[in-house]
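If you read the sequences in order, they're chains A and B.
Reminder that position 1 of the first sequence reads as 1 in my numbering, one-by-one numbering, no gaps.
Reminder that position 17 of the second sequence reads as 17 in my numbering, one-by-one numbering, no gaps.
Encoded as structure tokens, the structure appears first; notes follow it.
2 protein chains.
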Amino acid sequence: MRSNVARRQPETKPASSPASRPYRIEEQVGYLLRRAHQRASSIFQVTIGDPNITPTQYSSMVKLHEYTELSQNHLGRLVGMDKATMQGVVRRLKERRLVDSRPHPGDARRTLLSLTTEGQRLITKLLVNGPAVSRETLKPLTNQEQRQLLELLSKII
Amino acid sequence: MRSNVARRQPETKPASSPASRPYRIEEQVGYLLRRAHQRASSIFQVTIGDPNITPTQYSSMVKLHEYTELSQNHLGRLVGMDKATMQGVVRRLKERRLVDSRPHPGDARRTLLSLTTEGQRLITKLLVNGPAVSRETLKPLTNQEQRQLLELLSKII
DNA sequence: TGGGCATCGTACGTACACGAACGATATGGG
DNA sequence: CCCATATCGTTCGTGTACGTACGATGCCCA
Numbered sequence: 001m002r003s004n005v006a007r008r009q010p011e012t013k014p015a016s017s018p019a020s021r022p023y024r025i026e027e028q029v030g031y032l033l034r035r036a037h038q039r040a041s042s043i044f045q046v047t048i049g050d051p052n053i054t055p056t057q058y059s060s061m062v063k064l065h066e067y068t069e070l071s072q073n074h075l076g077r078l079v080g081m082d083k084a085t086m087q088g089v090v091r092r093l094k095e096r097r098l099v100d101s102r103p104h105p106g107d108a109r110r111t112l113l114s115l116t117t118e119g120q121r122l123i124t125k126l127l128v129n130g131p132a133v134s135r136e137t138l139k140p141l142t143n144q145e146q147r148q149l150l151e152l153l154s155k156i157i
Numbered sequence: 001m002r003s004n005v006a007r008r009q010p011e012t013k014p015a016s017s018p019a020s021r022p023y024r025i026e027e028q029v030g031y032l033l034r035r036a037h038q039r040a041s042s043i044f045q046v047t048i049g050d051p052n053i054t055p056t057q058y059s060s061m062v063k064l065h066e067y068t069e070l071s072q073n074h075l076g077r078l079v080g081m082d083k084a085t086m087q088g089v090v091r092r093l094k095e096r097r098l099v100d101s102r103p104h105p106g107d108a109r110r111t112l113l114s115l116t117t118e119g120q121r122l123i124t125k126l127l128v129n130g131p132a133v134s135r136e137t138l139k140p141l142t143n144q145e146q147r148q149l150l151e152l153l154s155k156i157i
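In structure tokens form, the structure reads like this:
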């Protein structure tokens, strides 16, 4: 198609705006968010202080540290995770004895989650490194740009 | 709440900067990037025009559309994906007959990938919707903010 | 008070994402 | 020419992430 070598400027004129730029995957938000998230995760992994704790496990433990006790569903909503995803995260935390559970007294459908003593100890330790993770991730930006980025990301969630 | 109901201000004084704000998970880049990426992915899924094509499959096909033929490793570098991840993406695209492969003439280690005719047809169709995905994802922002966000994300990758 | 509807947690399937290890091949230096 | 080293693609294991379906339970209201 096109003619001999194919490439550059595929025949999609977006037709939307007249003077629209060519469509480059590297300039699309979704692509940039995926790459940025990749980088942030890898910085987290080497900076947080325990290579076996993942970002989602960390957020879950931080929330449990704040609230003391939460149902699995409620925790999932607080950290922005699907209940199906939450299930796996909680299972792994329980297997490692960082989280414990007991049935909800008044609602037999729910399970109340809380940190074990070891979980408390670990999250207290990891929280010290939390700021360093963000600092390292945002390093390429000036202070003002850092604030801007956080604000813009908040707006599109 | 503020006082007796269990928390706020856990006892971690970050100790780094004197006047540092309390550490809230919702204000950390990594967390915001995860949430933003989630939202972008779900917008992609309902907007791109084929629910069976994922964002990474899409980027891979766009690159193959641009370059005509690429080794698996090279493609992975272009779209920012690990070679192990690439393996699965390519396998699924081949299973659906959207991508084909042939051995590299001069290097027996490599496999050259290209779009099949059906792959060409599909990506040409999906590319029409590409801009709409980004537009929808960036909808909460003004034009200037949109440009800012893209620039800031590029900087931290 | 009972039936319909929502919510909670679980299970299964699919797809990313990456580290680690591996075999095959390529390449450069001695 | 041969070996050390690097690259290419594969496989395995672990951990998100979400849709869908399911059973159990709770709750509202007719």
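Note that beta-carbon positions come from the ideal geometry of N, C-alpha and C, so glycine has one too.
Which of helix, strand or coil DSSP assigns to residue 109(A): coil
What does the Cβ neighbour count give for residue 36(A), buried or exposed, with the cut at 16 atoms within 10 Å? buried
Residues in the region 48-63 of chain A with C-beta within 9 Å of chain B's C-beta atoms, listed in sequence order? 55, 56, 58, 59, 62, 63
When the Cα atoms are used, what is the spatial distance from residue 76(A) to residue 109(B)? 45 Å
List the endpoints of the continuous alpha helix (DSSP H) containing residue 91(A). 83-95
Interface residues of the region 104-138 of chain A facing chain B [CB-CB below 7 Å]: 124, 127, 128, 130, 131, 133, 134, 137, 138
According to DSSP, what are the bridge partners of residue 115(A)? 99(A)
Would you kindly report the start and end of the unbroken alpha helix (DSSP H) that includes residue 21(A)? Note, residue 21(A): premise wrong, no alpha helix (DSSP H); not H, not E.
Mind checking whether residue 130(A) and residue 28(B) have CB atoms under 8 Å apart? yes
Is the CB of residue 75(A) under 8 Å away from at least one CB in chain B? no
Between residue 95(A) and chain B, is the shortest Cβ-Cβ distance under 8 Å, so that the two count as touching? no
Return the residues of the region 27-50 of chain B that lie within a Cβ-Cβ distance of less than 9 Å from chain A, sorted by chain order. 27, 28, 29, 30, 31, 32, 33, 34, 35, 36, 37, 38, 39, 40, 41, 43, 44
Within 8 Å of any Cβ in chain A, is that where the Cβ of residue 150(B) sits? yes
Under a Cβ-count criterion, where at least 16 other Cβ atoms within 10 Å of its own Cβ denotes burial, should residue 42(B) be classed as buried or exposed? exposed
Quick check on DSSP: helix, strand or coil for residue 4(B)? Per-residue confidence for residue 4(B) stands at a pLDDT of 41, beneath the threshold of 50, marking its modelled position as unreliable; no derived number is given.
Under 8 Å between C-beta atoms, does residue 181(B) make it to chain A? The displayed coordinates of chain B run from 1 to 157. Any statement about residue 181(B) would go beyond what the structure contains.
At least 3 beta-carbon pairs within less than 8 Å: the region 60-73 of chain B vs the region 60-73 of chain A: no
Check whether chain B comes within 8 Å of residue 155(A), counting only Cβ atoms and requiring the distance to be less than that. yes
Distance, residue 54(B) Cα to residue 89(B) Cα: 9 Å
If I measure Cβ to Cβ from residue 150(A) and keep anything under 6 Å in the same chain, skipping five residues before and after, which residues do I get? none
Look at the alpha carbon of residue 93(A) and the alpha carbon of residue 100(B), and state the distance between them as a whole number of angstroms. 42 Å
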